[in-house]
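Trainee: Have a look at this one before I ask anything.
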Amino acid sequence: MQQPPPESPSLVEKRDAENILGTYKRTSFHPRAGKGAKLVDAEGKVYWDLLAGIAVNALGHRHPRLVKALREEANRLLHVSNLFYHPAQGLLAERLTQLSGMPRVFFCNSGTEAVEAAVKFTRLAAPGRSRMLALEGGFHGRTMGALALTGNEAYRKPFEPLVGETIFLPANDVVALESAATPDTAAIFLEPILGEGGIVPLTREYARAARAAADRVGAALVFDEIQSGLGRTGHLFVFQEMGVAPDLVTLAKPLGGGLPLGAVLVSERIASLVKPGHHGTTFGGNPIACRLGLETLSEIVDGGLLEKIRETGEWFGKKLRNAQKRSKGAIVDVRGRGLIWGVELDRDAAEVQNALLKKGFVVGTSRAKVLRLLPPYVVPRPALSGFVRALEEILREPPKEKIS
Ligand code: PLP
Numbered sequence: 313m314q315q316p317p318p319e320s321p322s323l324v325e326k327r328d329a330e331n332i333l334g335t336y337k338r339t340s341f342h343p344r345a346g347k348g349a350k351l352v353d354a355e356g357k358v359y360w361d362l363l364a365g366i367a368v369n370a371l372g373h374r375h376p377r378l379v380k381a382l383r384e385e386a387n388r389l390l391h392v393s394n395l396f397y398h399p400a401q402g403l404l405a406e407r408l409t410q411l412s413g414m415p416r417v418f419f420c421n422s423g424t425e426a427v428e429a430a431v432k433f434t435r436l437a438a439p440g441r442s443r444m445l446a447l448e449g450g451f452h453g454r455t456m457g458a459l460a461l462t463g464n465e466a467y468r469k470p471f472e473p474l475v476g477e478t479i480f481l482p483a484n485d486v487v488a489l490e491s492a493a494t495p496d497t498a499a500i501f502l503e504p505i506l507g508e509g510g511i512v513p514l515t516r517e518y519a520r521a522a523r524a525a526a527d528r529v530g531a532a533l534v535f536d537e538i539q540s541g542l543g544r545t546g547h548l549f550v551f552q553e554m555g556v557a558p559d560l561v562t563l564a565k566p567l568g569g570g571l572p573l574g575a576v577l578v579s580e581r582i583a584s585l586v587k588p589g590h591h592g593t594t595f596g597g598n599p600i601a602c603r604l605g606l607e608t609l610s611e612i613v614d615g616g617l618l619e620k621i622r623e624t625g626e627w628f629g630k631k632l633r634n635a636q637k638r639s640k641g642a643i644v645d646v647r648g649r650g651l652i653w654g655v656e657l658d659r660d661a662a663e664v665q666n667a668l669l670k671k672g673f674v675v676g677t678s679r680a681k682v683l684r685l686l687p688p689y690v691v692p693r694p695a696l697s698g699f700v701r702a703l704e705e706i707l708r709e710p711p712k713e714k715i716s
């Protein structure tokens, strides 16, 4: 088969600017190929990928197991309607229920859809209640229900009125949580590590207080593990690591091995309330995405990746904290564990992100001053130590503008 000719980055940018709705402010970076934790741009320059498609490419790029599975499935069926049976969904659901201890799974296509489904399921459990508790700085997605739970006014304001009434609480403030949970609360939505909100981990004490508050008022506790779950902290599920049993857990990002796939894990009680017709989707639980999900999950769990993530995370955390000590205040804070890290700076993170890109490191940002690192689980240590060296070099230059 003849390949189409490669297109120049400037032509690609021009065509996008002329035709694609302006919801994204893209960086002028053109990845065209990759292998493991490396990306190659249109000019052939090689980068360390420390963002993994915002926590999607857990096994890195072009993983042989995923390529093989994709080829096999593409020769069978690309799509099967949810009216009929296909083994891939059940196999992935079985693995997820065994590993999570939660008895049922609903599949959809994305994180926001998983949150949307979770909102509907919590309504079934608490009819007539529309008040929800969520966190300031929390992020749950862009559709109307998920947006209503997202603790960032800039995202919400243009689209109000939203669904129900949400009270936003400061993360890790147990007193505020306990007084906000009342008998008209339907659900408490928590991201166990606030991803978009600056990589802010919740404490165990807070998570347990949320469980107790939900029980006291008869509300559902929902853990949104879309960014932090499926191994990123070195544990398959953050709720297991924290010793808290939520009623619902939302998953997406790495779940489909790079293809769109989201899921909601539900407790026995929620499962008993959901009946045919209550929810559904044409594309959710696509056979190829589920097969890739199964391969990804097996590689994470059986391939020893969780232990590697924990060890790499401890080593990397020390490296980052040492860099902070040497940074003369340029690094204000370092937060995270496993392979989810936020490096809070005294300056605009986007500027540093661009300087890192020039030095061959792809990273994200979170809020104005935080660099966000979500590398693939296969990232080698030299990529991370190279990042720390490059960051220290960049931070030796005075900032264009300090942000207090
Ligand atoms: N929830 C969390 C914690 C997320 O990080 C995201 C995406 O970044 C979402 C929900 C929304 O997921 P999606 O972009 O797949 O709709």
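Residue numbers (the numbering used here): 313 to 716. Ideal Cβ placement from N, Cα and C applies to all residues, glycine included. Quantities reported herein were computed from a predicted structural model and do not represent experimental measurements.
Around the Cβ of Arg327, are there at least 16 other Cβ atoms within 10 angstroms (buried) or fewer (exposed)?
Mentor: Counting the other CB atoms within 10 Å of its CB gives Arg327 a total below 16, which places it among the exposed residues.
Trainee: Heavy atom of the ligand PLP less than 6 Å from the Cβ of Ile538, yes or no?
Mentor: yes
Trainee: Contact between the segment 399-411 and the segment 438-445 is defined here as three or more beta-carbon pairs at a separation below 8 Å; is this criterion met?
Mentor: Taking a contact to require three or more Cβ pairs closer than 8 Å, the segment 399-411 and the segment 438-445 do not qualify as touching.
Trainee: Provide the residue span of the alpha helix (DSSP H) that contains Lys720, from first to last.
Mentor: The chain is shown from 313 up to 716; residue 720 falls before or after that span and cannot be answered.
Trainee: Looking at the structure shown, is Tyr359 part of a helix, part of a strand, or coil, going by DSSP?
Mentor: strand
Trainee: For Thr562 versus Val427, is the C-beta spacing smaller than 7 Å?
Mentor: yes
Trainee: From the DSSP output, read off the bridge partner residues of Lys347.
Mentor: Lys350
Trainee: In the structure shown, what three-state DSSP assignment does Pro330 receive?
Mentor: The question names Pro, yet the displayed sequence has Glu at residue 330. Reduced to three states, the DSSP call for Glu330 is helix.
Trainee: Less than 7 Å between the C-beta atoms of Val655 and Arg416, yes or no?
Mentor: Cβ atoms of Val655 and Arg416: not closer than 7 Å.
Trainee: Taking 7 Å as the threshold (C-beta atoms), are Leu461 and Ala446 in contact?
Mentor: yes
Trainee: Tell me Ile479's beta-bridge partners as DSSP assigns them.
Mentor: The partner list for Ile479 (beta bridge, DSSP) reads Leu445.
Trainee: Report, in whole angstroms, the separation of the C-beta atoms of Val475 and Gly457, which I expect to be a contact under 8 Å.
Mentor: In this structure Val475 is in contact with Gly457, their Cβ atoms being roughly 5 Å apart against a cut-off of 8 Å.
Trainee: Hey, would you say the C-beta of Glu319 is under 6 Å away from at least one heavy atom of the ligand SAH?
Mentor: Among the ligands present in this structure, namely the ligand PLP, the ligand SAH is not found.
Trainee: Is DSSP giving Pro513 helix, strand or coil here?
Mentor: strand
Trainee: Just reading off the beta strand (DSSP E) that Gly450 is part of, what are its end residues?
Mentor: Careful: Gly450 lies outside any beta strand (DSSP E) and carries neither H nor E.
Trainee: What residues in its chain sit with their C-beta under 6 Å from that of Pro321, if we drop five residues either side in the sequence?
Mentor: His342 and Ala354
Trainee: Return yes when at least one heavy atom of the ligand PLP lies under 6 Å from the C-beta of Thr424, else no.
Mentor: yes
Trainee: Using beta-carbon positions only, say whether Leu617 and Tyr518 come within less than 7 Å of one another.
Mentor: Not a contact, by the Cβ cut-off of 7 Å.
Trainee: Mind checking Trp627: buried by the 16 CB within 10 Å criterion, or exposed?
Mentor: exposed
Trainee: Could you round the C-beta distance between Trp360 and Gly698 to whole angstroms and report it? I think they count as a contact, below 8 Å.
Mentor: 7 Å
Trainee: Are there any heavy atoms of the ligand PLP lying less than 6 Å away from the beta-carbon of Ala564, as far as the coordinates show?
Mentor: yes
Trainee: Entirely within the segment 498-574 and at least 4 residues each: give me those alpha helix (DSSP H) ranges in chain order.
Mentor: 516-529 and 550-554
Trainee: Would you say Glu503 touches the ligand PLP, meaning its beta carbon is less than 6 Å from a heavy atom?
Mentor: yes
Trainee: For Thr478 versus Val529, is the C-beta distance shorter than 7 Å?
Mentor: no
Trainee: Between Gly574, Ala532 and Ala583, which has its C-alpha nearest Pro558's C-alpha?
Mentor: Distances from the alpha-carbon of Pro558 to those of Gly574, Ala532 and Ala583 put Ala532 closest.
Trainee: Is Gly509 near the ligand PLP, judged by its Cβ being under 6 Å from some heavy atom?
Mentor: no
Trainee: Considering Glu656, what are the terminal residues of the beta strand (DSSP E) in which it resides?
Mentor: Its beta strand (DSSP E) spans residues Ile652 to Leu657.
Trainee: In whole angstroms, give me the CA-to-CA distance for Arg544 and Trp653.
Mentor: 10 Å
Trainee: Looking only at its chain, what residues have a beta carbon closer than 6 Å to the beta carbon of Phe418, apart from the 5 residues adjacent to it on each side?
Mentor: Ala429 and Val576
Trainee: Examine the ligand PLP and report whether any of its heavy atoms sits within less than 6 Å of the Cβ of Gly453.
Mentor: It does: the Cβ of Gly453 is within 6 Å (strictly closer) of some heavy atom of the ligand PLP.
Trainee: Quick one: what's His373 bridged to in DSSP?
Mentor: Gly348
Trainee: Using C-beta distances below 6 Å, list every residue in its chain close to Ala493, excluding the 5 sequence neighbours before and after it, in chain order.
Mentor: Ala525 and Val529
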